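Written out below as structure tokens is the structure these notes cover.
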Amino acid sequence: MAAVTIRNLSAEAHRALKVRAARHNRSAEAEMRAILEAAVRPEGRLRLGTALSEMSRKIGLTNADVEALEHGRDARAAEPMRFE
Numbered sequence: 002m003a004a005v006t007i008r009n010l011s012a013e014a015h016r017a018l019k020v021r022a023a024r025h026n027r028s029a030e031a032e033m034r035a036i037l038e039a040a041v042r043p044e045g046r047l048r049l050g051t052a053l054s055e056m057s058r059k060i061g062l063t064n065a066d067v068e069a070l071e072h073g074r075d076a077r078a079a080e081p082m083r084f085e
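Note that the numbering used here has the sequence shown beginning at 2, numbered continuously upward.
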């Protein structure tokens, strides 16, 4: 796990952080982790894999369809390039 050092934090921000941590019954360090997690990984963020999966289900795409697409792509990749 990565370690982070925060320098030049104002005394007011440090004091507010400690108060906020106390309200949540956790250490200042745990509160900082929670704040950072919420900032960089918000609950409503778009999750690409989930979105693609839901879209595939809506249009009725099956595993067999995906395998056929992959097979077609692999076959095209094996063909020699032609220039006209």
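Every residue, glycine too, gets a C-beta built ideally from N, C-alpha and C.
All values reported here derive from a predicted model rather than from experimental measurement.
(request) Could you have a look at H25 and say whether DSSP puts it in helix, strand or coil? (result) coil
(request) Use the C-beta contact count for E38: other C-beta atoms within 10 angstroms, 16 or more gives buried, fewer gives exposed. (result) exposed
(request) In the DSSP assignment, find the alpha helix (DSSP H) that holds L10 and state where it starts and stops. (result) Where L10 is concerned, there is no enclosing alpha helix (DSSP H), given that its DSSP letter is neither H nor E.
(request) Could you tell me if E55 is buried or exposed, where buried requires 16 or more neighbouring beta carbons within 10 angstroms of its beta carbon? (result) exposed
(request) Using the Cα positions of R74 and L18, report the straight-line distance between them to the nearest angstrom. (result) 54 Å
(request) To the nearest angstrom, report how far apart L53 and H25 are at their CA atoms. (result) 36 Å
(message) Quick check on L47: does DSSP put it in helix, strand or coil?
(response) coil
(message) At the level of alpha carbons, what is the spacing between L10 and R16?
(response) 10 Å
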